[in-house]
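Let me begin by presenting the structure, written as structure tokens, before commenting on it.
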Amino acid sequence: MNGRGAPFLVAACVLLLQLGALHGGSLPHISQCNFCFECEPTPPKASTRHRTVLDRGGGPKLGAGGAAGVADGLVGTLTDPKWATEPDTAYEAAAIASGIPGALVDPLSVQPEMIGPLDHEAKQRLPNCTRCTGCSTVLTDMHAAPVVAEGLEGLAFMHGKGATNGWLFFGKVAGGTRRFIVKVYCMPYSKAHGRPQECANEVYTERMRLMMAQVRLADECGAPGITPRVWVAPVEAIIPNGTFRGYHVRWHGLWMEEAPGITLHGLHTTRGAENAMYELLTKKMNKTQVIQQTVLDLLTAQCDRHSENVFITPAGDLTFIDNDRALGVVTRCGGDSMLLPGNRYHTQLRLGYWGPTMQYYKAHAGKPNFCTGPIDMRVVMDYRCYVPGGKIGVDYPPGLKSCMEALARHKTPDIMRRYGFSSRKPAEILLRRSRDMLTMGFEGALAHSPPRSAARYVYEAQPPCCGIVLDMRGTPRCAQCWKPIIEAQKDSVKDNSTAARVKEVLVREDE
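FYI, the numbering for the sequence shown is -24 to -1, 1 to 487, going by mature numbering (1 follows the signal peptide of the UniProt record, and there is no 0).
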């Protein structure tokens, strides 16, 4: 071979090495590849598995006079800096136990530039690799096959794909055994149609912060574990399947504990699960958790509590997931929860707008001797069935009452700092709702406490059905005479334009 051909041979060998195509050659690192179709898991170094909040520089620093600077500027003077800046030791300990490298526990340490690729164009100029190394995260498709619910007679369900553009996966730390749900925001391609798209990373950053805040809130309100813990942490992995198989994810994602059991929606839609569902909901369901989450849903203005977001275990314990549409995220929504009477989801369960139930009650409920008819078993998840006289009033569970009292006596900047909010609205909602729930009682606040909802979310409160029986055909019916309030569904009802333009005042500016 002449000297002129040598450079070409060297270049070819280098390219083959990059592609991982030479048998016995060292594999390229994932950072050297555009796409990599098989990435060997690389366990993270022990020193990177966890860093303290101080190591990360997490959260805003207190300035002169106790002012806290956050993402959108100075939020005001802290009146109780000790309470506002108290570290969340339970969250910190859980982060260490999770084994997730670099798991963040202070919501304000999550910044928009972490959420998405910063080198997308440069990355596209790198070669594609057949094999590579360097993936400290292993992602697998969570929608490829049904998930078998342990201890529930082989019942299985499918995870929902979600309505947002977050990409959902099962995820493990390389070398670890614990499985998490990992949500990757800001993929540069749409999961719906595959075309390039911009990312609203500031919006998703705020959503992540809100979910982290609600974990702390549940802990402090005496309901630990009722919602899965979530952490924002680096993801270093490849997309496992589909059109973008091999794409390198190299930014922070949302790591969530996997809720045990099966979703109520999965139970409801699984043929042959009727007896198991009846047993769980009428004999085993944790009624205390129903009350706790009902109070939390009102306190946080939860606007996406449907049965795909509720898990139940063989023992009847409940977990409530996907809490990112709360605390003012949904415009003109003060609550939309299957747990709250007078809300859209609560009414839909009882009237079954898209099935024969509604037609049955329209045809028969007006007859003189009518007593009861078919009903959705999920309606027994109703707090009114499990509190004296069907009303909470101000008789809240102790943990919930004490945490609402703490919220009610603090000002907006203090609440912002403690829970990591970067805008006033979530803190104002917690302040106003806690005050109203303590003074008006639960039912009074449910009816009158702002933020108020647009007409499409507001219905008459359906009467409770507190017991279910299965008739000779196995059809669930209310155990007592029960008749719903017939009301047309309102999904197409337009918002009042005048009301929509008026800014709702939750608290005074100096609060």
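Note that beta-carbon positions come from the ideal geometry of N, C-alpha and C, so glycine has one too. As the structure is a computational prediction, the values presented were derived from the model and not from experiment.
Inset, instruction - State yes or no: is the C-beta of residue 357 within less than 8 Å of the C-beta of residue 413? - result: Between residue 357 and residue 413, the C-beta spacing is not below 8 Å.
Inset, instruction - Could you tell me whether the region 398 to 411 touches the region 479 to 486, using the rule of 3 or more Cβ pairs below 8 Å? - result: Touching, yes.
Legend entry - Backbone CA spacing between residue 76 and residue 188 [nearest angstrom]: Computed Cα separation, rounded: 15 Å.
Legend entry - Straight-line Cα distance separating residue 449 from residue 279: Rounded to whole angstroms, residue 279 to residue 449 spans 36 Å at the Cα level.
Inset, instruction - Just grab the DSSP bridge partners of residue 113 for me. - result: BP columns for residue 113 point to 149.
Inset, instruction - Just the C-alpha distance for residue -4 and residue 14, rounded to the nearest angstrom, thanks. - result: Only weak support is given to the placement of residue -4: the predicted model assigns it a pLDDT of 44, under 50, and the question is left unresolved by the model.
Legend entry - Cβ shell of residue 360 (< 6 Å), same chain only, five flanking positions each side left out: The answer, listed in chain order, is 366, 440.
Inset, instruction - Identify the continuous beta strand (DSSP E) that holds residue 209 and give its terminal residues. - result: For residue 209, the enclosing beta strand (DSSP E) stretches over residues 206 to 210.
Legend entry - Assigned secondary structure, residue 213 (DSSP; H/G/I helix, E/B strand, else coil): DSSP places residue 213 in strand when its eight states are reduced to three.
Legend entry - Straight-line Cα distance separating residue 352 from residue 244: Each residue's Cα considered, the two are about 9 Å apart.
Inset, instruction - Let me know the secondary structure DSSP gives residue 448 once reduced to three states. - result: Per DSSP, reduced to three states, the secondary structure at residue 448 is coil, with no helix or strand assignment.
Legend entry - In chain order, each alpha helix (DSSP H) run of at least 4 residues that lies wholly inside the region 253 to 300: Assignment of alpha helix (DSSP H) within the region 253 to 300, counting only whole runs of 4 or more residues, yields 263 to 275 in chain order.
Legend entry - Bridge partners - residue 313, DSSP secondary structure assignment: Residue 313 pairs with 281.
Inset, instruction - List the DSSP bridge partners of residue 303. - result: Beta bridge pairing from DSSP links residue 303 with no other residue.
Legend entry - Three or more C-beta pairs below 8 Å linking the region 319 to 326 and the region 284 to 292: Too few Cβ pairs lie closer than 8 Å, so no.
Inset, instruction - Could you have a look at residue 328 and say whether DSSP puts it in helix, strand or coil? - result: Coil, per DSSP.
Legend entry - Of the listed residues 267, 349, 297, 420, nearest to residue 376 (C-alpha basis): The option with the nearest alpha carbon to residue 376 is 267.
Inset, instruction - Please say whether residue 128 and residue 305 have beta carbons closer to each other than 8 Å? - result: Cβ distance not < 8 Å, so residue 305 and residue 128 don't count as in contact.
Inset, instruction - Please report how far the alpha carbon of residue 149 lies from the alpha carbon of residue 207, in whole angstroms. - result: Each residue's Cα considered, the two are about 13 Å apart.
Legend entry - Residue interval of the alpha helix (DSSP H) (run including residue 191): First-last of the alpha helix (DSSP H) with residue 191: 177 to 196.
Inset, instruction - Check the C-beta distance from residue 388 over to residue 487 and give it rounded, since I have them as a contact under 8 Å. - result: That belief holds up - the Cβ atoms of residue 388 and residue 487 are roughly 6 Å apart, short of 8 Å.
Inset, instruction - Pull up the CB-CB distance for residue 374 and residue 198, whole angstroms please, since I reckon it's below 8 Å. - result: About 6 Å separates the beta carbon of residue 374 from that of residue 198, a gap short enough to meet the 8 Å contact definition.
Legend entry - Closest by C-alpha distance to residue 446, when choosing among 276, 460, 378, 257: Nearest C-alpha to residue 446: 257.
Legend entry - Own chain partners of residue 470 with C-beta closer than 7 Å, once the 5 adjacent residues on each side are dropped: In its chain, beyond the 5 residues on either side, no residue has a beta carbon closer than 7 Å to the beta carbon of residue 470.
Legend entry - Short Cβ contact (8 Å threshold) for residue 229 with residue 159: Contact flag set, yes.
Inset, instruction - Could you name the residues that DSSP lists as bridge partners for residue 144? - result: BP columns for residue 144 point to 159.
Inset, instruction - With a threshold of 16 other CB atoms inside 10 Å of the CB of residue 295, please say whether the residue is buried or exposed. - result: With 16 or more Cβ atoms within 10 Å of its Cβ, residue 295 is classed as buried.
Inset, instruction - Measure from the alpha carbon of residue 241 to the alpha carbon of each residue in 253, 401, 193, then state which is nearest. - result: Ranked by how close their Cα comes to the Cα of residue 241, the residues 253, 401, 193 have 253 in first place.
Inset, instruction - Return the CA-CA distance between residue 215 and residue 302, expressed in angstroms with no decimal places. - result: Answer to the nearest angstrom: the Cα atoms are 29 Å apart.
Legend entry - Bridge-paired residues (DSSP) for residue 238: Under DSSP, residue 238 shares a beta bridge with 288.
Inset, instruction - Starting from the Cα of residue 385, find the closest Cα among 60, 10, 21 and give me that residue. - result: Proximity to residue 385 across 60, 10, 21 peaks at 60, based on C-alpha coordinates.
Legend entry - Contact under 8 Å by Cβ, residue 283 with residue 221: Contact flag unset, no.
Inset, instruction - Please report the residue range of the beta strand (DSSP E) in which residue 102 lies. - result: Note, residue 102: premise wrong, no beta strand (DSSP E); not H, not E.
Legend entry - Contact belief for residue 506 with residue 5 at Cβ below 8 Å, rounded distance in angstroms: Since the first residue of the chain shown is -24 and the last is 487, residue 506 is not available in this structure.
Legend entry - Sub-8 Å separation of residue 443 and residue 454 beta-carbons: Result yes, Cβ atoms of residue 443 and residue 454 sit closer than 8 Å.
Legend entry - residue 91 versus residue 180: straight-line alpha-carbon distance, rounded: Here the alpha carbons of residue 180 and residue 91 stand approximately 8 Å from one another.
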